[in-house]
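Notes follow once the structure below has been shown.
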Amino acid sequence: MNDDRKIIIFDTTLRDGEQSPGASMNQAEKLRIASQLEALGVDVIEAGFPAASDGDYEAVKAIAETLEKAQIAALCRANEPDIRRGWDAIKDAVNPRIHTFIATSELHMKYKLQMEPAQVLKQAVESVKLAASFTDNVEFSAEDGSRSDRDFLCTVFESVIDAGATTINLPDTVGYAIPEEFGELVKYVMENTSNIDKAVLSVHCHNDLGLATSNTLTAIKNGARQVEVTINGIGERAGNTALEEVVMSLKTRPNFFPHTTGIDTTRIYPTSRLVSMITGILVQPNHAIVGANAFAHEAGIHQDGMLKNPMTYEIMKPETVGISKNSLVLGKHSGRHALNAHIQTMGYNLSDDELKVVFKKFKNLADKKKSIQDEDIEALINEGVLRSSEVFSLEYIHVLSGNTVFPTASIQLNINGRPVQGATAGSGPIDAVYNIISKLTGTKSELLRFTISALTEGTDAQGEVTVRLKEDGVTALGKGTDPDIITAAALAYINGLNRLEYLKTNPPKEQALL
Ligand code: KIV
Ligand code: ZN
31 MNDDRKIIIF DTTLRDGEQS PGASMNQAEK LRIASQLEAL GVDVIEAGFP AASDGDYEAV
91 KAIAETLEKA QIAALCRANE PDIRRGWDAI KDAVNPRIHT FIATSELHMK YKLQMEPAQV
151 LKQAVESVKL AASFTDNVEF SAEDGSRSDR DFLCTVFESV IDAGATTINL PDTVGYAIPE
211 EFGELVKYVM ENTSNIDKAV LSVHCHNDLG LATSNTLTAI KNGARQVEVT INGIGERAGN
271 TALEEVVMSL KTRPNFFPHT TGIDTTRIYP TSRLVSMITG ILVQPNHAIV GANAFAHEAG
331 IHQDGMLKNP MTYEIMKPET VGISKNSLVL GKHSGRHALN AHIQTMGYNL SDDELKVVFK
391 KFKNLADKKK SIQDEDIEAL INEGVLRSSE VFSLEYIHVL SGNTVFPTAS IQLNINGRPV
451 QGATAGSGPI DAVYNIISKL TGTKSELLRF TISALTEGTD AQGEVTVRLK EDGVTALGKG
511 TDPDIITAAA LAYINGLNRL EYLKTNPPKE QALL
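Encoded structure:
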């Protein structure tokens, strides 16, 4: 079909990525990520699972109505209500796609669906027919495809293509496949699905054995022309194939992979940072392409080689993925125009009102910190723009601590537009702050994890705190940054509580449906 060299990039950060524990996002956050994915050059954005909750439906609808270029996919189980709801959410997109799925492995059909193969086949075909009555852009996924009977899989694919599917997706749902075996399966499907020339074959790999990217690349070698990926590889359990790994493998090894993508690779790093900031899921330092150490050369022999010729140890240039070498940027005297120009080079486009908020925060920070770096600016954008319309926000915080005093914290919060103050003690300053926040908000969450790190170098660096909270069986991540680490801890806790509030009305999908 069309250009056989082009690999279609289908990003599911907002759907499968959101199924990472604690990664739920609100509508504004999803819209922000969707716009960034469009600017990155993603072909298809899976915006969510509209039948999962009203919140998901609204977010998918807002994305469909806002984006101008990318295809917008809605995930739907293979049943009529899901497909109607999914279509309703995406029908105003420039190019909407219905993505419907049903499991095809013995194990899933027998125990999860409690259906006979013939019933599954019938339901798959009927669902695709219904979807195709709304749009000619229909994707069908055979869930647990890699553990399905090969011939049954080909029969299902053949039948759904006849029913109107234009993309068929072969998922390695549980991350069980081994590259050689998965490559053979893709080849088998290509050779034994008689009408495969009428559809694009896609793959969707999970990373339970750390093989998601290898499986995806092997699938491309064997005929897959769409890959389903997420930013930073986030997703259910061990995650999905990372977009950055596949795209940069294709770009770095063109002789081996004579393929192209529509991705503007210089936007990879800003997108990775944005997703990490919004979801609160940190990128491990040694993560390929986007980890903090991905381009760091510690060993003397490597540094020597790099000075003589960067190609000795560097297979990609950091600038190619949008990591600017010159990250030291602005200071106290920089104006709004300079700030905005720099924010744009970082891959963000802020409205005038958003810029006003970020500029004010920038000036406050510049009073406390000599040089402002990219990481600081990202944190300001996160705190100032991405966290609008929250239930709880911090107005002020005063803390007394030291080795000869009893730690106490007094705080004023804004709760649904109303100022509320209080003070209490704790075993340490953070315990005191968390005790009073929990009392003022009337929440009873359990703190499962607390991490703190410096955002940049130097003793005047901002502290970055990440917390994982649990309340009534639901977990949420929270993130906060500030030069004062106790304030950063308070902001992270409040952010986590806001996410838990959101989840009360929008239950996470893994608990709701999948
Ligand atoms: O992993 C999986 O099988 C999925 C499908 C819904 C495509 O996410
Ligand atoms: Zn998946």
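Residue 49 in this note's numbering sits at position 19 of the sequence shown, and the numbers go up by one each step. Ideal placement from N, C-alpha and C gives every residue a C-beta, glycine not left out. Please read these numbers as outputs of a predicted model, since none were measured by experiment.
Taking only runs of the alpha helix (DSSP H) that begin and end inside the stretch 339–417, which ones reach a length of at least 4 residues, in chain order?
-> Annotation: the stretch 339–417 contains the following complete segments of the alpha helix (DSSP H) (minimum length 4 residues), in chain order: 366–375, 382–398, 404–414.
Report the rounded CA-to-CA distance for L151 versus V186, giving the unit in angstroms.
-> A straight-line Cα-Cα distance of about 6 Å links L151 and V186.
Confirm the yes/no value for this check: CB of T260, any heavy atom of the ligand KIV, distance under 7 Å.
-> Incorrect: T260 has no Cβ contact closer than 7 Å to the ligand KIV.
Cβ neighbours of A193 in the same chain (closer than 7 Å, five flanking residues each side left out) = V155, V158, K159, A162
6 Å CB neighbourhood of N252 in its chain, flanking five on each side removed | Only G213, V216, K217 meet the Cβ criterion.
The ligand SAM heavy atom lying under 7 Å from the CB of N199 | In the structure on display, the ligand SAM does not appear, and the ligands it does have are the ligand KIV and the ligand ZN.
What residue range is occupied by the uninterrupted alpha helix (DSSP H) comprising A103?
-> Where A103 is concerned, there is no enclosing alpha helix (DSSP H), although the beta strand (DSSP E) it sits in stretches over 101–107.
Counting only the same chain and skipping the five closest in sequence on each side, list residues whose C-beta sits under 7 Å from that of N528.
-> E420, V421, F422
Decide if M376 is buried, meaning its Cβ has at least 16 other Cβ atoms within 10 Å, or exposed.
-> buried
Round the Cβ separation of T481 and T496 to the nearest angstrom and send it over; I've been treating them as touching at under 8 Å.
-> 5 Å
Residues near Q153 in its chain [Cβ-Cβ closer than 8 Å; skip 5 each side] | A108, N109, I132, M145
For the ligand ZN, any of its heavy atoms closer than 7 Å to the Cβ of N270?
-> yes
Buried or exposed by the 16-neighbour rule on C-beta atoms within 10 Å, applied to M31 = Its pLDDT being 47, under 50, M31 is placed unreliably by the model, and nothing is read from it.
When you compare only the Cα positions, how much space is there between N56 and D84?
-> 12 Å
Taking the C-alpha atoms as reference points, what is the distance between A229 and I191?
-> 7 Å
From P209 to T203, what does the alpha carbon distance come to, in whole angstroms?
-> Whole-angstrom Cα-Cα distance: 14 Å.
Quick one: Cα of K140 to Cα of N370, how far?
-> 57 Å
Find the nearest neighbour of K60 within the set I308, T342, L360, judged by alpha-carbon distance.
-> I308
Can you tell which of I250, K347, K474, K338 has its C-alpha closest to the C-alpha of T282?
-> Closest by alpha carbon: K347.
When every heavy atom of the ligand KIV is checked, does at least one fall within less than 7 Å of the C-beta of T243?
-> no
Could you tell me whether any non-hydrogen atom of the ligand KIV is closer than 7 Å to the CB of D514?
-> no
Residue(s) in a DSSP beta bridge with S171 | DSSP, once it has assigned bridges, lists F131, N199 as partnering S171.
Quick one: grab the DSSP three-state call for G508.
-> DSSP, read as helix, strand or coil, puts G508 in strand.
Could you tell me which of L67, E136, S401 sits nearest to R177, measuring between CA atoms?
-> E136
What is the C-beta distance between A506 and L533, in whole angstroms, given that I count them as a contact (C-beta under 8 Å)?
-> 6 Å
Skipping 5 residues on each side, what residues in its chain have a beta carbon closer than 6 Å to that of E540?
-> No answer about E540 holds up, because its pLDDT of 49 lies below 50 and its placement is not dependable.
In terms of alpha-carbon separation, which member of G265, T295, P300 lies closest to V276?
-> The shortest Cα separation from V276 among G265, T295, P300 belongs to T295.
Secondary structure at Q57, three-state DSSP: helix, strand or coil?
-> It is helical.
Where do the ends of the alpha helix (DSSP H) carrying I113 lie?
-> 110–120
In the DSSP assignment, what are the bridge partners of V495?
-> In the DSSP output, where bridge partners are listed per residue, V495 has I482, G510.
Kindly indicate which residue of L183, A522, I261 has the alpha-carbon position closest to the one of V219.
-> L183
Quick one: what does DSSP say V429 is sitting in, helix, strand or coil?
-> Collapsing the DSSP output to three states places V429 in a strand.
Under a Cβ-count criterion, where at least 16 other Cβ atoms within 10 Å of its own Cβ denotes burial, should H129 be classed as buried or exposed?
-> buried
If you draw a straight line from the C-alpha of P537 to the C-alpha of I373, how long is it?
-> 34 Å
How would you write the range of the beta strand (DSSP E) that S440 sits in, first residue to last?
-> 438–445
Backbone CA spacing between R257 and T246 [nearest angstrom] | Reading off the sequence shown, one finds Val at residue 257, where the question assumed Arg. Cα to Cα, the separation comes out at about 7 Å.
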